[in-house]
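Colleague: Residue numbers (the UniProt record's numbering): 1 to 203. All C-beta atoms, glycine included, are put in the ideal place defined by N, C-alpha and C. Here's a structure for you.
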Amino acid sequence: MKLSKFIFITLVLLSSFGCKKKEVSESDFEKEVLNSVFVEIVDSIYMDRRIILPPPPPKFNPKTNKADTIGNSKELKLFWHRQDSIKKDTARILIGVHDYVVNNKIRNEKFDLTPFKNNKKFDFQYTSKFPNELTWIIDDYKSGMPVGTIEISNIKFNKDKTSGIIEATASCGGGKCGRGFEITIENKSGEWHIIKVFQTWVS
């Protein structure tokens with residue numbers, strides 16, 4: 001009787017240990033996949049508030065009752081010169097990343113930005129380091145502030161875990177511009193890549 005009880009307890013413990021091990025394994029797998037496509041996602045959807053605004057329109061001249069296109073030429077020249085300077089700038093682009101993955105089923109912890117700290121194109125920082133993005137002024141280009149923010153969800157894998165869907169949002173701050181996306185990723189020859197980016201909303 002005692003032997004049977006001992007065997008039963010041992011089996012329960014082994015079963016419990018096996019479940020926990022499987023859960024961690026799935027969690028690590030999802031994190032690994034998310035890390036492998038994160039930069040590709042950002043590069044596909046990020047918004048740069050430095051270049052989001054349209055060119056300045058001609059000012060209305062009440063004396064002639066027409067738009068002053070001549071006086072507007074200087075402003076346009078400065079505008080396009082600035083746009084070109086931004087596009088040619090080789091400095092890393094500062095992107096604010098929301099601290100936590102949306103609907104995080106992996107772990108109740110921050111999305112780890114450490115794997116991307118040496119990325120040559122982007123400088124990723126948590127949005128919590130900066131003032132609330134709703135207070136950002138779109139045409140305020142002072143240094144030290146992100147050009148935009150990114151928020152991502154956990155991955156909804158298919159049954160075989162050969163493809164998955166990630167929900168993501170990109171914003172230029174200020175609560176005035178943002179876009180939502182449904183991003184399909186797929187494992188091709190052992191590497192995960194984006195195969196489709198579908199915009200779900202815009203504001």
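Glutamate 23: buried (16+ other C-beta within 10 angstroms of its C-beta) or exposed?
Modeller: Residue confidence is low: glutamate 23 scores 49 on pLDDT, short of 50, so the model does not pin down where it sits. Its coordinate-derived value is still stated next. Per the 10 Å Cβ criterion, exposed.
Colleague: Name the DSSP bridge partner or partners of leucine 94?
Modeller: Asp123
Colleague: Grouping DSSP H, G and I as helix and E and B as strand, with all else coil, what is isoleucine 194?
Modeller: strand
Colleague: Which same chain residues, not among the five before or five after leucine 53, have their C-beta less than 7 angstroms away from its C-beta?
Modeller: Ile138, Asp139
Colleague: Would isoleucine 195 and glutamate 182 qualify as a contact pair, given that the criterion is a beta-carbon distance under 8 angstroms?
Modeller: Cβ distance not < 8 angstroms, so isoleucine 195 and glutamate 182 don't count as in contact.
Colleague: If methionine 47 and serine 203 are in contact, beta carbons under 8 angstroms, what's the gap, nearest whole angstrom?
Modeller: Between serine 203 and methionine 47 the Cβ distance is about 11 angstroms, and since that is not below 8 angstroms, they are no contact.
Colleague: Which same chain residues end up closer than 7 angstroms to proline 55 when comparing Cβ atoms and leaving out the 5 residues on each side of it in sequence?
Modeller: Excluding residues within five positions, the ones whose Cβ falls inside 7 angstroms are Leu76, Phe79.
Colleague: Taking the DSSP output, what are the residues bridged to isoleucine 166?
Modeller: Ile155, Ile183
Colleague: I need the DSSP call for aspartate 139, collapsed to helix, strand or coil.
Modeller: Three-state DSSP puts aspartate 139 in coil, outside helix and strand.
Colleague: Restricting to Cα atoms, I'd like to know which of Leu34, Glu26, Asp28 is closest to glutamate 191.
Modeller: Leu34
Colleague: Note down the Cα distance separating isoleucine 51 from aspartate 84, rounded to an integer number of angstroms.
Modeller: Cα to Cα, isoleucine 51 sits roughly 10 angstroms from aspartate 84.
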